[in-house]
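Numbering (the numbering used here), first residue to last: 498 to 946.
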């Protein structure tokens with residue numbers, strides 16, 4: 498098979514496996530570069546060769562920086578879509594406004610925003626698949642970059658031909674992972690088309706560019722088949738990762754997360770080998786936030802020490818978050834609280850719903866219930882153990898215990914229980930999970946277990 502045929506064959510092979518219905522569509526990510534232009538061209542060519550082609554649409558994001566070059570890319574993408582007579586979804590973002598302390602890198606932020614728009618547009622337009630132009634050179638580059646960061650098995654598996662996009666029923670397709678970039682360039686030359694060059698790809702400021710222009714050429718000089726070897730390694734690691742992922746999946750269901758907070762019970766990692774625990778933590782953070790992919794080997798070693806119960810008070814994590822152990826639980830939360838935990842004693846109505854501490858409260862009784870912060874001398878009804886030990890075992894951090902709500906009988910002032918800990922069953926819910934503080938998060942956790 499000549500290079501020209503291999504490009505269209507790669508697209509056809511993957512899309513023919515998707516069993517598209519006539520009502521489904523394809524959304525092609527179009528940056529204007531060689532790989533994305535080759536992808537759109539090959540997808541259009543494939544659609545012209547089948548009896549019932551799906552609708553094809555394209556997406557381009559103007560990132561709000563790179564000045565005239567970004568405007569040029571958007572205009573070029575629009576003109577290319579006009580040529581192929583397909584609609585283009587052009588989204589403008591000013592990502593420079595979203596950069597700052599505690600925020601992901603510009604590269605990560607750009608990727609996250611693109612994926613957000615992929616999901617939104619694909620859902621709105623009934624596109625079951627989003628196609629990306631990553632090629633074999635990109636795959637080898639990704640494996641090397643992940644390896645230098647101290648990745649685990651999943652990092653070595655790099656990008657996959659088919660993967661899930663968020664929570665929507667949309668899949669990401671990468672048909673070019675077996676194609677070299679030069680083959681894509683030759684394909685466009687044959688079609689008398691071109692792709693644009695992004696000048697920022699030549700900047701040595703970014704590690705990916707240094708790998709691409711300095712390290713990888715040296716590796717190819719030593720081993721001309723290096724890119725092929727890296728891609729085979731990624732494929733093998735992907736198969737091994739699937740086996741481990743199947744083992745870890747039931748354990749992910751034990752995690753309680755809401756907004757920026759994550760709580761992990763000991764049952765989630767007990768019985769696993771150290772390398773499996775590292776994979777578990779990495780995947781847990783990746784699933785619940787955008788920072789899992791930024792975890793270094795040092796971060797993971799710190800989490801392993803917490804899991805082993807070593808005297809490690811806390812572990813700093815990307816995204817201005819930290820992890821620490823309380824009881825046998827491991828909690829991950831923002832470094833600073835968005836709101837104060839302090840509150841004053843109050844009385845809530847037993848009947849109906851009450852809003853307090855950022856949560857909706859519902860009691861089984863119809864009588865009034867008084868609440869006050871926990872005190873060291875408190876004892877739970879019909880229990881011999883100290884209340885502080887019960888709270889510690891439940892994984893309530895010390896600074897949260899100080900303001901932990903205790904239910905008081907308004908008639909005699911005696912302790913009758915505490916949400917999720919002892920006494921009457923209290924139902925709690927939250928309408929805005931992004932505004933939780935650590936107190937409201939742990940209240941949700943212990944009442945929904």
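Ideal Cβ placement from N, Cα and C applies to all residues, glycine included. Since the structure is predicted, the reported quantities are computational estimates derived from the model, not experimental observations.
For residue 799, the closest C-alpha among the options 820, 528, 752 is that of 820. Cα atoms of residue 768 and residue 775: separation of roughly 13 angstroms, rounded to the nearest angstrom.
Cβ neighbours of residue 890 within its own chain (closer than 7 angstroms, five residues either side excluded): 824.
Partner residues in a beta bridge of residue 734, as assigned by DSSP, do not exist.
For residue 853, the uninterrupted beta strand (DSSP E) segment begins and ends at 850 to 853.
Counting only residues of its own chain and dropping the five nearest sequence neighbours on each side, residue 581 has a CB closer than 6 angstroms to the CB of 541. Taken through DSSP and simplified to helix, strand or coil, residue 579 comes out as helix. The beta carbons of residue 838 and residue 877 sit no closer together than 9 angstroms.
Membership of residue 610 in any beta strand (DSSP E) is not indicated; the residue belongs instead to the alpha helix (DSSP H) covering 603 to 621. With a 10 Å radius around the Cβ and a threshold of 16 neighbouring Cβ atoms, residue 570 comes out buried. Burial state of residue 850 is exposed, judged by a 10 Å Cβ sphere holding fewer than 16 other Cβ atoms. Beta-bridge pairing by DSSP links residue 911 to no other residue. Distances from the CA of residue 866 to each of 619, 526, 910, 548 were compared; the closest alpha carbon is that of 910. In this structure residue 925 is in contact with residue 857, their Cβ atoms being roughly 7 angstroms apart against a cut-off of 8 angstroms.
Between the alpha carbons of residue 553 and residue 536 lies a gap of roughly 12 angstroms. For residue 555, the enclosing beta strand (DSSP E) stretches over residues 552 to 559. Here the alpha carbons of residue 710 and residue 700 stand approximately 10 angstroms from one another. DSSP places residue 746 in the helix class (H, G or I) of the three-state scheme.
Nearest to residue 739 by C-alpha distance, out of 546, 913, 650, is 650. Boundaries of the beta strand (DSSP E) around residue 857: 856 to 859. Taking residue 778 as the centre and dropping the five residues before and after it, the same chain places the C-beta of 797, 800 closer than 7 angstroms to its C-beta, in chain order. When secondary structure is reduced to three states using DSSP, residue 680 falls in the helix class. With fewer than 16 other CB atoms across the displayed protein chains lying within 10 angstroms of its CB, residue 516 is exposed. Counting every other CB atom within 10 Å of its CB across the protein chains shown gives residue 639 a total of 16 or more, marking it as buried.
Check the Cα spacing between residue 922 and each of 862, 708, 896, 872: the tightest is with 862. Here the segment 520 to 527 makes contact with the segment 623 to 640; the two share three or more CB pairs at distances below 8 angstroms. DSSP, read as helix, strand or coil, puts residue 784 in helix.
The beta carbon of residue 781 sits closer than 7 angstroms to the beta carbons of 749, 752, 759, 761 from its chain, once the five residues preceding and following it are set aside; these are given in chain order. Shown here for residue 793: same chain residues with a beta carbon closer than 7 angstroms to its own, the five before and five after excluded, namely 646, 647 in chain order.
Under the DSSP assignment, residue 713 falls in the alpha helix (DSSP H) whose first and last residues are 713 to 719.
Under the three-state reduction of DSSP output, residue 887 falls in the helix class. The alpha helix (DSSP H) runs lying completely inside the segment 747 to 831 and spanning 4 residues or more are 771 to 785, 794 to 805, given in chain order. In this structure, residue 526 places its C-beta atom within 9 angstroms of the C-beta atom of residue 556. Put simply, the backbone Cα of residue 670 is about 10 angstroms away from that of residue 656. Taking 8 angstroms as the upper bound for CB-CB distance, residue 529 and residue 692 are in contact here, some 7 angstroms apart. The shortest C-alpha to C-alpha distance from residue 827 to any of 869, 731, 809 is the one to 809.
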